[in-house]
Each structure stands twice: as C-alpha cells, then as structure tokens.
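Residue numbering for the sequence shown follows our numbering, beginning at 177 and increasing consecutively.
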Amino acid sequence: MISCEKIHKVFEKNNIGYFTGVPDSILKEWISYIVDNEDKLVHRIAANEGAAIGHAAGYYLSTGKIGVVYMQNAGLGNAVNPLTSLTDNDVFGIPMLLIIGWRGEPGKKDAPQHAKMGKVMLPLLDTLGISYEILNAKNINDQIKSAKEKAERENIPVALIVKRDFFSEYIEKKNRQKTLELSREEAIYTIVDTFNGDEIVVATTGKISRELFECRQARGQKHNGDFYVVGSMGHASAIAMEIACQRPEKKVYLFDGDGALIMHAGTMATIGYYAPENLFHIVFDNCCHESTGGQPTVSDKIDIATIARGCNYKNANICFRKEDIIRKVRGFKKGPVALIIKVKKGSRVDLGRPKISPRDNKKEFMNP
Ligand SMILES: Cc1ncc(C[n+]2csc(CCOP(=O)(O)OP(=O)(O)O)c2C)c(N)n1
C-alpha cells in the first residue's frame, strides 16, 4: 500500500501536475486526494476516457509537458480510438501516463462485467503497443520516473497498472455533500411504487442498477421487466431507446446517472431525433460518480433539462421532492421526456449487487 501524499511527492519530483480521467473504485482514495488538492495541481473531470486522452493531448500540445490519465480498465475501451489514432507514434506521437485500475484481475473475485477486460487488458495493451508496468509501492519512485522518461523519449503513452488495495485510506477534506433531502434509493422506490407492473426499466451501471434490484426484492416483485446494464457505462440510454422503438406498446423507463449520461451524452440527440413516445428518461443527479467513491462529475454546472429540450425531447423537468416525483411520473404521457431528480450523495453500506447473472437477466427479460 502507498499513501496518496507519497505518490504525489513522486509526481511533484517528476514535474507532473496534470491529471484527468474517469474514476474507478480501485483509484478512489487517490482521486479524492486529487480533488482535494485542485489548488495545487490541474485536474479535469473528463466525460469519458477517450476524452481524457484528448485533454492530456491538448495539455501536451500547449505546454510540452506530459499529463496523467486515470481510468478503470473498462474505460480502456473508450480510449482505444484516441490511443490508436491520436497519441500513437504512427500518428502524432503524444506522450502521457495512463494509470489504470485493474478490475476483473484473473483469480480475484469481481463482478461479471469486469471478467473479460480483466483477462484481456494486458494483451490488449500489448496489441496497442503500449508498454506497462504493474505499480509496486516499493518501487514507485523508479517506476514513475522511468515511465515518464520512456513516454517523453519515445513520444508514446505508457501505462501503469494499479491492483486493488494499492492506495491506503484517504479521508476527504472537502465536504462535497450538497444539502439535498432525497437519497437516490428513496427516489427509486418512489418511482417503482407508481408502476403498475407492466413497465420496462433499463437501469444504468453501478448503484442505480443495484438499488433497483434490491427495491424489486424488497417489494416482492419480479425482475423480468428490468434490464440491468451492469457494464457499458453510458450505453443504457441507447439500449432503452431501441427497446422503446421496438416495443411501442410498453412504457420504457431509463434510469440513468449524471456520470453515465455525460459519458455518452450524444445518445440524447439520437433519442430526440427518433423520439419514441414511450421513453421516459429519469436521471438521478447527485453531481458525482457515487458508485466509484463519490468523485465529482461536471453536472453541478450544467443544465441537463435544457440539454434534453435542445435535443428535441418533448419535455424535461427538474425535481427535488418525493411528491413532485410522483406527480411528474404519474403525469408522463408522450415521450421522450426527461426528469432530472436531484439527489444527495451516498448509499447504504450494505447495498448488494444484482444476484441474477447478466445472462439470466437477459433470458428473463426476453421471456417474461
Ligand atoms: C467505461 C467505464 N468507465 C468507468 C467505469 C466505472 N464506473 C462505474 S459506475 C461509475 C459512476 C457512475 O456515475 P453516475 O452515472 O453518476 O451514477 P452514480 O454512481 O452517481 O449513481 C463509474 C465511473 C465503468 N464502469 N465504465
């Protein structure tokens, strides 16, 4: 294990002060440290990991210095295009460091959506021609120094892989909690309690799917109307839109998060263009990536309802209280409409994961 202070001393010594990315729970402590120290370093919260590569490229192009891109290995998928067509030495040759959290490490227990990338991450980096090292607390000085030197010498991205429990606990200094009443879980229960049992719900990655699953259990309801998009962060919207287009007789609810929505926000334009009347896009907006440790998103300063209207949604509203949620959801008629529910950060410590496998979820969903 290593403390966040210690790794940052090493970054400072190597004149590295630019950090961008999308969070991962393995990197939780370290990203909290970065957020707390934004007065001493540059931090850009990226929409997705591909965009983070773009930010670090822009930083290098304008300063000649290398930046650090952090991500969960799931995000390597989002980053492959800029890693092959922007930073690669066959194209522009742009150096940077990639710090990648290793989910789904073979032999370690993890959720099913991480198994494949966990297995193929190192071969994928080999295929991309990206050299890597697995970070080791004892060698951290040498590893960061030599990765930086290699990146600069060869004009390439170099990856440093982080295994679970690498960073020691870091207690956040900044209080990032908003003074909001409603929890995301309460909001989910409130909506589910308005249902008549015939709806389809497509739920996004992370705790939104986990809370919906537990809500169904607690209410003694079946899961066969729910599709839990446990991986593929940001793509629940595309899945829900198509289901709504193909099943016009059903009301389709998309349970989205602000982080997931921002990650692939372009799908809002596609939804607005095809405009399925039976699609109701609910965004649980806690201004953070709560599922990976509560790191901020940029949603605090953007107006998702206005974006939805600009994307040709029929209507979009923001609400804060249970009574308003009930009124709005009961009033849903013609979609696509968006309802942005402002919820506080946090969740139950004993929150479980869907006990149904993704394949069984698919089977039940397709044969209700
Ligand atoms: C491509 C990709 N990048 C990162 C992650 C890690 N991840 C899982 S859930 C999550 C946060 C989602 O935030 P949001 O949609 O706002 O929902 P919340 O957790 O706040 O309910 C992140 C970053 C991932 N699964 N996939």
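In this text, a Cβ means the ideal position worked out from N, Cα and C, and glycines have one as well. This one's a predicted model, so the numbers in the text were calculated from it and none came from an experiment.
DSSP beta-bridge partners of residue i
i	result
Lys520	Ser359
Ala297	Residue 297 is actually Met in this sequence, not Ala. In DSSP, Met297 forms no bridge with anything.
Asp432	Val459
Leu273	Val244 and Val334
Gly197	Ile221 and Tyr246
Tyr308	Ala335
Limits of the alpha helix (DSSP H) - the one that residue i falls within
i	result
Arg386	Lys383 to Ala394
Phe371	Segment: none, Phe371 is in no alpha helix (DSSP H) and carries neither H nor E.
Cys180	Cys180 to Lys189
Thr468	No alpha helix (DSSP H) contains Thr468, which DSSP labels as neither H nor E.
Ala445	Gly442 to Tyr450
Cys487	First-last for Cys487: undefined, no H or E at that position.
Phe541	Pro534 to Met542
Arg506	Lys498 to Arg506
Glu418	Ala412 to Gln422
heavy atom of ligand 2 below 7 angstroms from residue i C-beta
i	result
Ala335	With respect to ligand 2, the structure offers nothing, as its ligand set consists of ligand 1.
Helix, strand or coil at residue i according to DSSP, with G and I counted as helix
i	result
Ala335	strand
Phe343	strand
Asp302	helix
Arg220	strand
Ile202	helix
Ala379	strand
Val513	strand
Ile438	helix
Asn254	helix
Ile207	helix
Asn493	strand
Pro288	helix
Asp476	helix
Asp215	coil
Lys326	helix
Leu237	helix
Ser408	coil
Thr366	helix
Ile192	coil
Leu259	helix
Where the beta strand (DSSP E) through residue i begins and ends
i	result
Asn315	It is not in any beta strand (DSSP E) - Asn315 carries neither H nor E in the DSSP assignment.
Gln248	Val244 to Gln248
Asp402	Asp402 to Tyr404
Proximity winner among the options, relative to residue i (alpha-carbon distances)
i	options	result
Gly396	Glu225, Val377, Gly373 and Asn265	Gly373
Asp348	Phe371, Pro472 and Ala232	It should be pointed out that residue 348 corresponds to Glu in this sequence rather than to Asp. Closest option to Glu348, Cα to Cα, is Pro472.
Gly230	Glu205, Val256, Lys216 and Glu214	Val256
Ile332	Ile242, Gly251 and Ala412	Ile242
Leu203	Cys180, Gly253, Thr260 and Gly507	Cys180
Asn312	Val334, Lys339 and Gly305	Lys339
Ala223	Ile532, His465, Ile320 and Asn543	His465
Glu205	Leu273, Val405, Ile532 and Tyr246	Tyr246
Ile221	Arg485, Asp500, Ile502 and Met439	Met439
Ala420	Leu298, Ser238 and Val513	Val513
Gly197	Lys350, Glu357 and Ala232	Ala232
Phe195	Lys182, Tyr236 and Ile178	Tyr236
Phe342	Asp266, Lys521, Lys321 and Asn315	Asn315
Ala484	Gly448, Arg524 and Lys504	Gly448
Gly382	Glu375, Val368 and Phe403	Phe403
Lys498	Arg529, Asn191, Phe460 and Val474	Phe460
Asp215	Lys350, Gly486 and Glu387	Lys350
Arg386	Ala481, Ala441, Tyr365 and Glu375	Tyr365
Ser201	Gly280, Lys185, Ile270 and Ala227	Gly280
beta-carbon residue i near ligand 1 non-hydrogen atom, thresh 7 angstroms
i	result
Gly433	yes
Ser467	yes
Phe547	Because the chain in this structure spans residues 177 to 544, residue 547 falls outside the shown range and cannot be described.
Lys520	no
Ile192	no
Cys464	yes
Met409	yes
Val198	yes
Lys292	no
Gly442	no
Asn454	no
Glu362	no
Lys204	no
Asn257	no
Gly511	no
Lys383	yes
Gly251	yes
Thr548	The structure shown does not extend to residue 548, since the chain spans only 177 to 544, so no value can be given for it.
Ala227	no
Asp436	Reading off the sequence, residue 436 comes out as Ala, not Asp. Result yes, Cβ under 7 angstroms from ligand 1.
Asn331	no
Residue-chain proximity (residue i, chain D), Cβ-Cβ < 8 angstroms
i	result
Asn488	Of the protein chains in this structure there is only one, and it is not chain D.
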